[in-house]
Amino acid sequence: MSDLNIGELKLEQTLQFYPFSSAIDISFWHHVSKYQLEVKKLDQHLIPIHGNYSLSIQTISNSNIKFPMLMGISDNGLSPWDESEPIKNQIKTPGWLHLCDTKEDFSKIDKKQFLKDMGEKIRLKMETHEVLEHPQLFNLVSCLCFPNLKNHRFQYWINFPAALPKTPYTQESISNAQEYFGLDEVQKIQTLIKSVDLKIASQGMFWLKVPNKENTNDAGYEILPLSAWKNISPEMRDQLILVYSDPSALYDTLSWSLRNVLFYFHRYQNISSLKLFCIKQFVGDTKFHSTLSPVIQVNLGKEPDTSSLELSWTGWERDSEQKLRSRQIDLSAMMDPIRLAETSVDLNLKLMKWRLVPNLDLEKHNNLKCLLLGAGTLGCQVARTLLGYGVKHITFVDNGKVSYSNPVRQSLFEFEDCLNGGKPKAKCASEKLKKIYPKVITEGHQITIPMAGHPIAEQEIDLTKDSIQKLTQLIQNHDMIYLLTDSRESRWLPTLLCSAFNKPLINAALGFDSYVVMRHGGQISGENVKHLGCYFCTDVVAPTDSLSERTLDQQCTVTRPGLASIAGALAVELSISMLHHPLGILAKPPSNSPNEDDLQLQSDLGSVPHQIRGFLNNFQTMILEGPAYPQCIACSSKIIEAYRTDGIEFLFNIFENPEYLTYLTGLDDLLNNDLVGLTEWASDENEDDF
């Protein structure tokens, strides 16, 4: 303490103020990122924030060692200033945040004008004398910021606006509290200040009324709120000392936050001299330090010049090299890599909401549970596209293993997955999806889908029943089903189950140079209700074994390599458009000649067709609609009723004897009648020729 001159100091020296240093919590920037993406978007309005600074200090330093006086912006700083819940030993300070959309915007902003605009907010509070009721309004923290959300870097510049007086303020005298009041009196004042109401204490300043020694009726020391100034006579004002909780670590240098207080009393209260009691309290202490808390007589100058409303302001924060320029923080190195991936994945989706699709409901994507039946070329493509849409729940079903021909066409697999007989596709695809995006909730099930026309061997009956139960449960537990298998008969059971449980089914199938993507499901009862046709609604025969006795070119899925990417992408786009349609699974397809009703029932992402058929040989795409066939072998009411009545027994019957489907639906009679008609027609034609 020998280096500190805490007794009487040089008179009439210019008053010095210790500036704030910003201390911004890392989580505040995360909130800024989220606010920019989800709320502000391209809006240019100022955003209310608040900061806070502590009334306690760590130590008193000399002029050679300066401890920063911190203005913090915490993780909840992105909210308006509110004094209803005061915090002990802290002052909440209102503030404003201006977010720039581009780096160029940040550079082009007139920093002097921006500071002036912020200062004007303080000036209005001083002119209306609102600062007397709420002394926290003497100060303001504002931030100019460009958040680069792609690389998680934030360029920012903080200012603490302070009005500049025409002539500098000076200190007429300074002495510590013990010297000024005396030891006995200091102890009385300590006890009095310790009992100050939290609401007044959290304002950071109040009046200490000292007793009038000439008036024997004077009650002694008294604490008054700052607002009491309005009701105190000019004669009594000489008894007032402005007590200020000073966060400055320098004995003879005042806190920056006092600048506007002094300016107010000089310009708006026409006070030429003011006595300050700057109490300094160490962390953990319950009383101020009497020998380190100065009492300062401040000379504010002659009568202020109020002829002009224009005020000059200062307050831009200097950087670590004490230069007036902005700062930059890079959060990418500090962020959890998984959290970093999560925010980056959602970036493009949230940017869609800025201009293109304001009503895009990303919560629907996050909560959507998708079941992919098939983890091959189409399954891999669909899964990756779903990730791009922010879908977090993806389940695979497949019974195959990764072969050497797969990795070049199936984007989730690589060479190592083919070794030692190959990894199970479903589980491997799930693991690879987790590596691409660790936050995805995914699993793989090695299940063989029983097929119509494929009899079940006796030793496989129990395994088949277990597969049916697992598949049924998976379909019931998911919101969107993608049918991506590589044979026609393997599509029959999932189609039936989705129809029975009213689940939306997206079906994608490939030919050599053609594809079909279609949706079905949405079974509702009622007269004159039209359902959309399923994959089997154009069939007049039951599915049979198409896998046996195939040559090599028929055993492999021989398609043009680009076909799966197109069909897989369309399958996801169709499902997401349906997800955002007001009718969901019952969305009406667009008509051939769109009318006003079609436009009103569109999804936020556009129309929701029934079928999309594409052909690479001529690069054409067709949009088709087909009604449900009353005698369909997969989705008709008779088939669904038979399944609901007989369950697994019905299914085993179909596996063994698929012709039962044509009998049950009446297709047998229809075909027989058609054959009779054809025979008669042929006979008539011969007679005509004769």
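Residues in the sequence shown are numbered from 6 upward in steps of one, following my numbering. Beta carbons are placed, not taken as given, at the ideal position from N, Cα and C, and that holds for glycine.
**Prompt:** Looking only at C-alpha atoms, which of 286, 276 and 284 sits nearest to residue 306?
**Reply:** 276
**Item:** Status (buried if at least 16 other CB within 10 Å, exposed otherwise) for residue 44
**Value:** exposed
**Asked** So, do the stretch 481–501 and the stretch 360–378 have three or more beta carbon pairs nearer to each other than 8 Å?
**Response** yes
**Sub-8 Å separation of residue 142 and residue 99 beta-carbons** = yes
**Request:** Classify residue 648 as buried or exposed, calling it buried when 16 or more other Cβ atoms lie within 10 Å of its own Cβ.
**Result:** buried
**Message:** Using a Cβ-Cβ distance cut-off of 8 Å, determine whether residue 535 contacts chain B.
**Reply:** Absent from the structure: chain B. Only one protein chain is present.
**Request:** Would you mind stating whether residue 27 and residue 96 have Cβ atoms separated by less than 8 Å?
**Result:** no
**Request:** Entirely within the stretch 426–482 and at least 4 residues each: give me those alpha helix (DSSP H) ranges in chain order.
**Result:** 430–441 and 466–482
**Prompt:** Where does residue 375 sit, in a helix, a strand or coil, going by DSSP?
**Reply:** strand
**Asked** Measuring CA to CA, which of 515, 516 and 538 is closest to residue 526?
**Response** 538
**Message:** Measuring CB atoms only, is the stretch 170–180 touching the stretch 197–205, in the sense that at least three cross pairs come out at less than 8 Å?
**Reply:** no
**Prompt:** To the nearest angstrom, how far is it from the Cα of residue 335 to the Cα of residue 200?
**Reply:** 45 Å
**Message:** Taking the alpha-carbon of residue 634 as reference, which of 671, 627, 281 and 628 has the nearest alpha-carbon?
**Reply:** 671
**Prompt:** Since residue 181 sits in a beta bridge, which residues does DSSP pair it with?
**Reply:** 299
**Request:** Report back the beta-carbon spacing between residue 701 and residue 74 to the nearest angstrom; my notes put them in contact at under 8 Å.
**Result:** Since the first residue of the chain shown is 6 and the last is 695, residue 701 is not available in this structure.
**Item:** Separation of residue 458 from residue 662, as counted between CA atoms
**Value:** 6 Å
**Message:** My output table needs one value for residue 24: the three-state DSSP class, helix, strand or coil.
**Reply:** coil
**Prompt:** For residue 76, is the classification buried or exposed, using 16 other Cβ atoms within 10 angstroms of its Cβ as the cut-off for buried?
**Reply:** buried
**Request:** List the endpoints of the continuous alpha helix (DSSP H) containing residue 332.
**Result:** Premise fails: residue 332 lies in the beta strand (DSSP E), 332–335, not in any alpha helix (DSSP H).
**Prompt:** Do residue 333 and residue 159 have their CB atoms nearer than 8 Å?
**Reply:** yes
**Asked** Is there contact between the stretch 401–420 and the stretch 361–369, where contact requires at least three CB pairs shorter than 8 Å?
**Response** no
**Prompt:** Residue range of the alpha helix (DSSP H) that residue 265 falls in?
**Reply:** 264–272
**Request:** From the DSSP output, in three-state form, read off residue 323 for me.
**Result:** coil
**Asked** For the alpha helix (DSSP H) that contains residue 193, what are its first and last residues?
**Response** 188–199
**Prompt:** Any chance the stretch 383–398 sits against the stretch 585–595, with 3 or more Cβ pairs inside 8 Å?
**Reply:** no
**Item:** Proximity to residue 113 [Cα-Cα], best of 501, 149 and 83
**Value:** 149
**Length of the line joining the Cα atoms of residue 21 and residue 253** = 11 Å
**Asked** In this structure, does DSSP put residue 398 in helix, strand or coil?
**Response** strand
**Asked** Where does the unbroken alpha helix (DSSP H) through residue 32 begin, and where does it stop?
**Response** 31–40
**Prompt:** With a Cβ-Cβ cutoff of 8 Å, do residue 698 and residue 521 count as a contact?
**Reply:** With the chain running from 6 to 695 in the structure shown, residue 698 is simply not present.
**Prompt:** Within 7 Å: the Cβ of residue 279 and any heavy atom of the ligand ZN?
**Reply:** For the ligand ZN, the structure offers nothing, since it holds no ligand at all.
**Asked** Beta carbon of residue 388, beta carbon of residue 354: below 8 Å?
**Response** no
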